[in-house]
Amino acid sequence: MSILAVLEHSGSAWHRMSWETLAAAQQIARELDTTASAAFVRPGGHGFADELARKQLEKVYLVDHELLNGYTPDGYAIALRQLIDRAAPRLVLFSHTYQVRDFLPKLATSLGKVAVTDVVAHRVDNGQVVLVRQLFQGKVNVDVRFAADGPNFASLQAGAYRADRVADGSAAVEVVRPQLSAGEIRTKPLELFRESQRAVDLTAAEIIVSVGRGIKESDNLPLVQKLADVLGAELAASRPICDAGWLPMERQVGSSGQTVAPKMYMAIGISGAIQHLVGMKGSRIIVAINKDPNAPIFEVADYGIVGDLFQVVPELIDAIQKSK
Amino acid sequence: MKIIVAIKQVPARDSQLRIAPSAKWIAEDDLTYEINEPDAYALEEGLQLKEKHGGEVVALCAGPPRAAQTIREALAKGADRAIHIEEEDMGAFDPLGAAKLLAAALRSESPDLILTGLQSDDLGYGQTGVILAELLGLPHATIIMKVEKRDGGILVKRELEDGWFQHVEMPLPALLTIQSGASKLRYATLMGIKKAKTKEIRRLRAAELGAAAGSPSITIERIYLPQRTKQTQLFEGSPKEAAAKLVEKLKFEARVI
Ligand SMILES: Cc1cc2nc3c(=O)[nH]c(=O)nc-3n(C[C@H](O)[C@H](O)[C@H](O)COP(=O)(O)OP(=O)(O)OC[C@H]3O[C@@H](n4cnc5c(N)ncnc54)[C@H](O)[C@@H]3O)c2cc1C
Ligand SMILES: Nc1ncnc2c1ncn2[C@@H]1O[C@H](COP(=O)(O)O)[C@@H](O)[C@H]1O
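Keeping their order, the protein sequence lines are chains Z and C.
Residue numbers for the first sequence follow our numbering, beginning at 3 and rising by one.
Residue numbers for the second sequence follow our numbering, beginning at 245 and rising by one.
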């Protein structure tokens, strides 16, 4: 009964979160005094398997079937279920990617289980794993346990474990050919595409002033635009601002927008949900202005002011102008 | 098209959250509630599909009596009728338990399309829709931004990471989980609010549905405010003083301006 990490790739490269999940599986396996194995779905993916064979793992499972060319939730859930029956792991770990969100609940349900999604940490207590996840968009934490024996399922939040902790070693590769027929796959995925070319390249900005729902109305946007102007910064936003059409989509920072790492990122009235944080936490200096002292944005901020942005931002503009 | 939209009532976004003495949930006494944001977009998508193709939109909600307020708002925006599974303690249900409740309430409905939000703002499992699809034996797609009806099925636009999208073709009946921002939300009109009063709300109880909480597969041990690990320098005083201190630090310590 070991730990199984299910890894993901884009076809040409591993998903960046896969190494974090592998490191987590190795760590939890050590703490539970068991072994870790890894699995991935990739018709003909022997090159990927060879790379994993040089890691400290008991086994590398390559799930191979021509109907798994191109992701479908039906195909993946059916194939991985057969793999899990065969490998009989105690705990199966995934990265909390968009793809995993799409098939993991289905896979777990087909085995009568509930996955613990978006895990940020764990501890081992009396030989049992306790998982920590977030509620209320990161404002509250919760400790969760599985009620019954495995296989149990969990997905790990981006950045929760360190990719550079993966231990090297050697592992045997096993190719698994699931039983799967075309009739079982009900959805037909078409090509990937991007929306029209981006006119602003936020990744090139040295300073970014980013605005969130704390701004309340689009009529208030000139206030943060002015702050951006005095700083010579680009204006960016959290998702709800772009959803509402107050700023174009191309100015959205986060998991479904751009990933930026400027010299300074100023978050004005942004709570700091994980999907926003993953897009900006690599910034060198992070400044947060928020009226809620418990807002998760303060978890990543170097400097902060707890206060009403409508009072603070005008003073900030004034102070910057005076300092020049 | 007969469209079911699953809507959940959650604490209003700006709520100051306190942990309940039991440490199993937050203190609820002084909270106000609203519709889960992605569910509002799911409702909008459902209403637009109905306007284009005809049919019916049914709002489906499991929650305590106070959730009736959120249901009435959905009816005022244009849902034709609603099903309210009255259950005081939704906290006792894990997402599989919640999805079983919703599935049981849909037994006599046979919808063409079920829409849910992609994630709830409070529990944030991001699972209930997909689990419901599996329980009902339906194909599904998640994080959907657009739905188009085609001959024999639908074409949906899925959001992927880093600004990528994908179209997916699928047959009906199906279940979709809807992402925020898919379209502009409508407001309820005065006429809509008036009409809502005459619309049917079918009230069911979990026990009647033969789907009690049972024994959840995952159990909540303890809820708490996260420990901050990062040392943030916070500047206090009047807005003017705080702003001046911040600018000084940015200039002379961080040297970014
Ligand atoms: C699959 C998926 C992908 C997503 N992708 C993204 C993404 O790419 N980018 C993104 O940003 N989000 C994304 N989200 C949404 C994300 O989960 C959050 O909902 C969003 O980031 C919240 O935006 P916000 O912080 O502006 O709003 P809120 O969470 O509503 O926060 C508003 C903040 O403003 C503060 N505030 C209010 N009034 C004032 C005032 N007067 N003065 C000072 N502060 C004030 C409040 O205290 C609060 O902290 C995604 C979600 C999902 C599920
Ligand atoms: N109690 C409920 N009543 C109605 N719909 C729900 C309920 N719980 C969850 N849902 C739906 O499932 C979606 C995902 O919820 P969750 O799995 O908790 O993130 C929500 O956006 C709702 O559409």
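By construction, the Cβ of each residue, glycine as well, lies at the ideal position given by its N, Cα and C atoms.
Limits of the unbroken alpha helix (DSSP H) element including Ser488/C: Within the second sequence, residue 488/C is the residue found at index 244, counting from 1. Sequence check: residue 488/C is Ala here, not Ser. Counting along the chain, the alpha helix (DSSP H) containing Ala488/C begins and ends at Pro483 to Phe496.
For Gly152/Z, the three-state DSSP class (helix, strand or coil): The residue you call residue 152/Z lines up with position 150 of the first sequence. Here Gly152/Z sits in coil by DSSP.
8 Å Cβ cut-off: residues of chain Z touching Val412/C: Indexing the second sequence from 1 puts residue 412/C at position 168. The contacting residues are Thr189, Lys190, Pro191 and Leu192.
Top-ranked residue by Cα proximity to Glu331/C, from Glu317/C, Ala323/C, Arg310/C and Lys268/C: Position 87 of the second sequence, counted from the start, is the residue given in the question as residue 331/C. Out of Glu317/C, Ala323/C, Arg310/C and Lys268/C, Arg310/C has the C-alpha closest to the C-alpha of Glu331/C.
Ala275/Z CB to nearest heavy atom of ligand 1 below 7 Å: Here residue 275/Z corresponds to residue number 273 of the first sequence, with the count starting at 1. Because some heavy atom of ligand 1 lies under 7 Å away, the Cβ of Ala275/Z counts as near it: yes.
Beta-carbon proximity list for Arg215/Z, same chain, < 6 Å, skipping 5 on both sides: As a working mapping, residue 215/Z is identified with position 213 in the first sequence. For Arg215/Z, where only same-chain residues beyond five positions count, the Cβ hits under 6 Å are Pro242.
Interface flag, Val308/Z vs chain C, CB-CB below 8 Å: Counting from one through the first sequence, the residue named residue 308/Z turns up at place 306. By this cut-off, Val308/Z is an interface position.
Any non-hydrogen atom of ligand 1 within 7 Å of Phe300/Z CB: Here residue 300/Z refers to the residue found at position 298 of the first sequence. No.
Contact between the segment 262-271 of chain C and the segment 296-313 of chain Z (3+ Cβ pairs under 8 Å): No, they do not touch.
Straight-line Cα distance separating Leu93/Z from Val262/Z: Stepping through the first sequence from its first residue, residue 262/Z is reached at position 260. Stepping through the first sequence from its first residue, residue 93/Z is reached at position 91. So the two alpha carbons sit approximately 34 Å from each other.
Cβ-heavy atom distance, Pro2/Z to ligand 1, below 7 Å: Examination of residue 2/Z is not possible in this model, given that chain Z is present from 3 through 326 alone.
Whole alpha helix (DSSP H) elements within the segment 384-457 of chain C, 4-residue minimum: Complete alpha helix (DSSP H) runs here, min 4: 434-440.
Chain Z contact for Glu288/C (CB, 8 Å cutoff): By one-based count along the second sequence, residue 288/C stands at place 44. With 8 Å as the cut-off, Glu288/C does not count as an interface residue toward chain Z.
Contact with chain Z by Leu469/C, beta-carbon distance below 8 Å: Position 225 of the second sequence, counted from the start, is the residue given in the question as residue 469/C. By this cut-off, Leu469/C is an interface position.
Asp48/Z burial status per 10 Å Cβ neighbour count (16 or more: buried): Mapped onto the first sequence, residue 48/Z falls at position 46. The sequence as given places His at residue 48/Z; Asp does not occur at that position. The residue in question, His48/Z, is exposed, as its Cβ has fewer than 16 Cβ neighbours within 10 Å.
Which residues DSSP lists as bridging Cys305/C, in chain order: Translated into the one-based positions of the second sequence, residue 305/C becomes position 61. Its beta-bridge partners are His328/C.
Span of the beta strand (DSSP E), counted from its first residue to its last, around Ser97/Z: Position 95 of the first sequence holds residue 97/Z. Residues Leu93 to Ser97.
Cβ neighbour criterion (16 or more within 10 Å) applied to Ser157/Z: Here the question's residue 157/Z lines up with position 155 in the first sequence. Buried, because 16 or more other Cβ atoms sit within 10 Å of the Cβ of Ser157/Z.
At least 3 beta-carbon pairs within less than 8 Å: the segment 340-360 of chain C vs the segment 404-422 of chain C: yes
Beta carbon proximity, Leu318/Z to chain C, threshold 8 Å: The count along the first sequence starts at 1 and reaches residue 318/Z at position 316. Closer than 8 Å: yes.
Contact with chain Z by Leu546/C, beta-carbon distance below 8 Å: Given that chain C is displayed from residue 245 to residue 501, the structure contains no residue 546/C and the question cannot be resolved.
Cα-Cα separation between Leu304/C and Ile329/C, rounded to whole angstroms: Residue mapping note: residue 304/C aligns to position 60 of the second sequence, counting from 1. Residue mapping note: residue 329/C aligns to position 85 of the second sequence, counting from 1. If I take the Cα positions, the gap works out to 8 Å.
For Glu252/Z and Pro191/Z, the rounded distance between their alpha carbons: By one-based count along the first sequence, residue 191/Z stands at place 189. By one-based count along the first sequence, residue 252/Z stands at place 250. In a straight line, the C-alpha of Pro191/Z is about 25 Å away from that of Glu252/Z.
Cβ-Cβ distance between Val226/Z and Leu233/Z below 8 Å: The residue labelled residue 226/Z in the question sits at position 224 within the first sequence. The residue labelled residue 233/Z in the question sits at position 231 within the first sequence. It is not a contact, given that the beta carbons lie outside the stated cut-off.
Cβ pair Thr5/Z, Leu478/C closer than 8 Å: Locating residue 5/Z in the first sequence gives position 3, counting from the first residue. Locating residue 478/C in the second sequence gives position 234, counting from the first residue. At residue 5/Z the sequence reads Ile, which differs from the Thr that was named. In this structure, Leu478/C does not lie closer than 8 Å to Ile5/Z by Cβ.
Beta-bridge partners of Met245/C, as assigned by DSSP: Position 1 of the second sequence holds residue 245/C. In the DSSP output, where bridge partners are listed per residue, Met245/C has none listed.
Unbroken alpha helix (DSSP H) run spanning Ile501/C, endpoints: The residue labelled residue 501/C in the question sits at position 257 within the second sequence. No alpha helix (DSSP H) contains Ile501/C, which DSSP labels as neither H nor E.
Neighbourhood of Val62/Z by C-beta, 6 Å cutoff - its chain only, sequence neighbours within 5 removed: Reading the first sequence from its first residue, position 60 is the one you call residue 62/Z. For Val62/Z, where only same-chain residues beyond five positions count, the Cβ hits under 6 Å are Ala40, Ala51, Leu54, Ala55, Ala173 and Val175.
Where Gln139/Z meets chain C, residues with beta-carbon distance less than 8 Å: Here residue 139/Z corresponds to residue number 137 of the first sequence, with the count starting at 1. Near Gln139/Z (Cβ distances below 8 Å), the residues of chain C are Asp365 and Gly368.
CB contact check: Pro383/C to chain Z, cutoff 8 Å: Residue mapping note: residue 383/C aligns to position 139 of the second sequence, counting from 1. Judged by the 8 Å Cβ criterion, Pro383/C is in contact with chain Z.
Beta-carbon proximity check, Asp365/C vs Val254/C, cutoff 8 Å: The count along the second sequence starts at 1 and reaches residue 365/C at position 121. The count along the second sequence starts at 1 and reaches residue 254/C at position 10. Going by C-beta atoms, Asp365/C is nearer than 8 Å to Val254/C.
Residue span of the beta strand (DSSP E) that contains Gln253/C, given as start and end: For the purposes of this step, residue 253/C is taken as the residue at position 9 of the second sequence. Note, Gln253/C: beta strand (DSSP E), Gln253 to Pro255.
Same chain, Cβ closer than 6 Å to Ala169/Z, five either side skipped, listed in chain order: Taking the first sequence and counting its residues from 1, the one referred to as residue 169/Z is at position 167. Closer than 6 Å at the Cβ level, and outside the excluded window around Ala169/Z, lie Gln28 and Gln58.
Three-state class that DSSP yields for Leu473/C in the structure shown: Walking along the second sequence from the start, residue 473/C turns up at place 229. A small fix is needed here, since residue 473/C is Thr in this sequence, not Leu. DSSP places Thr473/C in coil when its eight states are reduced to three.
Chain-order list of residues whose beta-carbon lies under 8 Å from that of Val500/C (same chain, five-residue window excluded): As a first step, residue 500/C must be located in the second sequence, where it is residue number 256. Excluding positions up to five away in sequence, the list reads Leu494.
Within chain C, partners of Met282/Z - CB distance below 8 Å: Position 280 of the first sequence, counted from the first residue, corresponds to residue 282/Z. Those do not exist, as Met282/Z stays about 14 Å from chain C at its closest Cβ, beyond 8 Å.
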